[in-house]
Amino acid sequence: MNPYILMTLAFGLGLGTLITLTSSHWLLAWMGLEMNTLAIIPLLAQHHHPRATEATTKYFLTQATAAAMLLFASTTNAWLSGQWEIQQMTHPIPTTIITLALALKIGLAPLHAWLPEVLQGLDLTAGLILSTWQKIAPFALLLQINVPTPLLLISLSLLSILVGGWGGLNQNQLRKILAYSSIAHLGWMVLVLQFSPSMTLLTLSLYIIMTSSLFLSFKTNKTTTINALATSWAKTPTLTLLIPPILLSLGGLPPLTGFMPKWLILQELTKQDLALAATVAALSALLSLYFYLRLCYAMTLTMSPNTIINTMPWRLPSTQPSLPLSITASLTICLLPLTPSILTMTTL
Numbered sequence: 001m002n003p004y005i006l007m008t009l010a011f012g013l014g015l016g017t018l019i020t021l022t023s024s025h026w027l028l029a030w031m032g033l034e035m036n037t038l039a040i041i042p043l044l045a046q047h048h049h050p051r052a053t054e055a056t057t058k059y060f061l062t063q064a065t066a067a068a069m070l071l072f073a074s075t076t077n078a079w080l081s082g083q084w085e086i087q088q089m090t091h092p093i094p095t096t097i098i099t100l101a102l103a104l105k106i107g108l109a110p111l112h113a114w115l116p117e118v119l120q121g122l123d124l125t126a127g128l129i130l131s132t133w134q135k136i137a138p139f140a141l142l143l144q145i146n147v148p149t150p151l152l153l154i155s156l157s158l159l160s161i162l163v164g165g166w167g168g169l170n171q172n173q174l175r176k177i178l179a180y181s182s183i184a185h186l187g188w189m190v191l192v193l194q195f196s197p198s199m200t201l202l203t204l205s206l207y208i209i210m211t212s213s214l215f216l217s218f219k220t221n222k223t224t225t226i227n228a229l230a231t232s233w234a235k236t237p238t239l240t241l242l243i244p245p246i247l248l249s250l251g252g253l254p255p256l257t258g259f260m261p262k263w264l265i266l267q268e269l270t271k272q273d274l275a276l277a278a279t280v281a282a283l284s285a286l287l288s289l290y291f292y293l294r295l296c297y298a299m300t301l302t303m304s305p306n307t308i309i310n311t312m313p314w315r316l317p318s319t320q321p322s323l324p325l326s327i328t329a330s331l332t333i334c335l336l337p338l339t340p341s342i343l344t345m346t347t348l
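If you're matching positions, the sequence shown starts at 1 in UniProt numbering and goes up one per residue.
What follows is the structure in structure tokens.
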């Protein structure tokens with residue numbers, strides 16, 4: 001892609017998110033979301049491949065549906081209450097429709113079906129943008145609206161954690177596994193949204209760091225399937241040593257960074273007398289942990305089939321800059337001891 005066009009699209013992507021983050025009026029927030037969607041579509045379809053085109057079309061249709069729902073609900077709210085302010089959502093019906101529209105935008109279960117299919121058709125760079133940057137603007141709106149009943153968000157989040165764990169069990173494609181991992185992590189964020197918004201922001205930040213490090217690792221390795229992971233020890237032995245801790249951090253095992261948000265969320269749920277929801281979430285996290293362990297096993301304890309018809313990938317030195325991967329991987333593995341400091345910053 002022409003670098004000038006790429007720069008323009010990246011600027012549009014950033015500007016759309018920024019408009020949504022800073023707006024207090026529903027029409028401006030909707031406009032920011034639309035700019036965001038229109039800027040990312042050429043980035044998703046830049047590889048002229050049928051799968052990329054199909055994935056981009058699916059993404060466009062789901063985002064357009066969610067945007068139409070959001071515009072309809074905000075207009076209905078203005079008609080009923082005379083308010084366009086995001087924080088002045090008073091009527092339960094428009095608020096519920098907007099919550100479901102934003103859930104469709106980010107891929108919360110049961111409105112998640114598009115996310116694995118879209119991510120599977122994209123390359124890893126586009127998948128990284130879709131899994132991280134595209135979640136920021138909808139979450140900024142979710143944090144500002146008052147959901148009429150806590151049961152709605154708790155149901156959506158527990159279903160997402162279950163679906164995210166269950167859906168990834170039988171997958172061989174890494175991008176689909178990452179999509180189901182994303183669905184499960186979104187469930188954890190939304191679970192604590194109405195009780196501690198700062199905890200949701202902390203979880204979102206750590207999720208972006210951990211997912212970025214995993215996407216960048218797979219991009220350096222040029223791997224998109226579990227079978228291809230078995231050859232990574234010969235191509236990049238140091239990276240092969242680094243990826244299992246990143247995966248286990250995403251699974252939420254101590255003493256890695258990913259344990260921090262899960263621990264704090266379960267603690268907050270217990271304080272809110274939601275012991276049952278905390279138990280279901282903690283047990284469902286074991287499902288996700290299983291497929292992360294499966295990836296670790298495929299990478300470290302199996303060897304690639306060495307038959308005559310098997311063609312080994314040509315090994316060229318990677319031209320990808322290693323600094324982003326180094327920073328995100330270090331943060332993914334080493335942030336847990338800083339929990340008290342991070343908690344102090346989030347409660348200020």
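All residues carry an ideal CB built from backbone N, CA and C; glycine is no exception. Remember, predicted model here, so these are calculated numbers, not experimental data.
Could you tell me which residues DSSP pairs with residue i in its beta bridges?
i           : result
residue 328 : In the DSSP output, where bridge partners are listed per residue, residue 328 has none listed.
residue 173 : 225
residue 85  : 25
State the Cα-Cα distance for the pair residue i and residue j, rounded to the nearest angstrom.
i           : j           : result
residue 162 : residue 189 : 14 Å
residue 148 : residue 21  : 22 Å
residue 167 : residue 153 : 20 Å
residue 241 : residue 234 : 12 Å
residue 308 : residue 231 : No answer about residue 308 holds up, because its pLDDT of 49 lies below 50 and its placement is not dependable.
residue 282 : residue 227 : 29 Å
residue 253 : residue 75  : 45 Å
residue 344 : residue 191 : 21 Å
residue 276 : residue 266 : 11 Å
residue 40  : residue 101 : 19 Å
residue 18  : residue 25  : 14 Å
residue 256 : residue 236 : 23 Å
residue 4   : residue 105 : 28 Å
residue 150 : residue 92  : 12 Å
residue 155 : residue 284 : 14 Å
residue 287 : residue 280 : 11 Å
residue 7   : residue 199 : 33 Å
residue 341 : residue 271 : 21 Å
Going by CA-CA distance only, name the one from the options that's closest to residue i.
i           : options            : result
residue 84  : 257, 27, 109, 15   : 27
residue 70  : 89, 258, 52, 58    : 89
residue 182 : 198, 193, 206, 197 : 206
residue 299 : 332, 244, 327      : 244
residue 224 : 174, 338, 52, 157  : 174
residue 15  : 31, 1, 99, 294     : 31
residue 118 : 158, 60, 342       : 60
residue 289 : 111, 164, 342, 220 : 164
residue 296 : 342, 263, 229      : 229
residue 317 : 264, 221, 271, 334 : 221
residue 274 : 158, 82, 339, 208  : 158
Could you check whether residue j and residue i sit closer than 7 Å to each other, using their CB atoms as the reference points?
i           : j           : result
residue 250 : residue 210 : yes
residue 216 : residue 321 : no
residue 176 : residue 261 : no
residue 95  : residue 63  : no
residue 55  : residue 121 : yes
residue 9   : residue 137 : no
residue 126 : residue 97  : no
residue 346 : residue 142 : no
residue 247 : residue 292 : yes
residue 213 : residue 319 : no
residue 193 : residue 108 : no
residue 331 : residue 259 : no
residue 133 : residue 58  : no
residue 353 : residue 139 : The displayed coordinates of the chain run from 1 to 348. Any statement about residue 353 would go beyond what the structure contains.
residue 219 : residue 130 : no
Curious, which full-length alpha helix (DSSP H) runs of at least 4 residues does the region 97-168 contain?
114-120, 124-131, 136-144, 150-167
Quick one: complete beta strand (DSSP E) runs, 3+ long, within the region 192-229?
none
Quick one: complete alpha helix (DSSP H) runs, 4+ long, within the region 41-76?
none
For the region 243-273, list the alpha helix (DSSP H) runs that are entirely contained and at least 4 residues long, ordered along the chain.
259-271
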